[in-house]
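K.L.:
Sharing a structure, written as structure tokens. Questions coming.
Residue numbers (full-length UniProt numbering): 1 to 113.
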């Protein structure tokens, strides 16, 4: 096989399997766009929600807060808690005496054993 035959064979193969080296380089460097998977969609939505939560927290920390039962709450939340608060019944003296008697009985049982 002569060099001329070898060269012709090489040119035929090059033309048959993809043309120039530059075209192959372009194919290697090009990115294939793939549809988003469920996991990537979930990851994006979680990141979006975290950004919104951070913005909301930043906004809420700058607002005026009120202290209710040892907690700092926003004024509208304090109003809601105030509206939902139940009125306590007045203490029944006979019930208090009964509970104190039960406590005494429990102490006596505890020390007698």
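Where a beta carbon is used, it is the ideal one built from N, C-alpha and C, also for glycine.
1. Taking the Cβ atom as the reference point for each residue, do residue 86 and residue 68 lie within a distance shorter than 8 Å?
2. According to DSSP, what are the bridge partners of residue 66?
3. Measure the C-alpha to C-alpha separation of residue 120 and residue 95 and round it to an integer number of angstroms.
4. In angstroms with no decimal places, state the Cα-to-Cα distance between residue 110 and residue 90.
5. Is the beta carbon of residue 72 sitting closer than 8 Å to the one on residue 65?
6. What did DSSP end up calling residue 89 once you bin it into helix, strand or coil?
P.N.:
Reading from the atomic positions:
1. Reading the chain shown from its first residue, position 86 is the one you call residue 86. Reading the chain shown from its first residue, position 68 is the one you call residue 68. Contact: no.
2. Here the question's residue 66 lines up with position 66 in the chain shown. Bridge partners of residue 66: 73.
3. Because the chain spans 1 through 113 in this model, residue 120 falls outside it and cannot be assessed.
4. As a first step, residue 110 is located in the chain shown; it is residue number 110 there, counting from the start. As a first step, residue 90 is located in the chain shown; it is residue number 90 there, counting from the start. For residue 110 and residue 90, the distance between alpha carbons rounds to 32 Å.
5. The residue labelled residue 72 in the question sits at position 72 within the chain shown. The residue labelled residue 65 in the question sits at position 65 within the chain shown. Between residue 72 and residue 65, the gap from beta carbon to beta carbon is short of 8 Å.
6. Walking along the chain shown from the start, residue 89 turns up at place 89. If DSSP states are grouped into helix, strand and coil, residue 89 belongs with coil.
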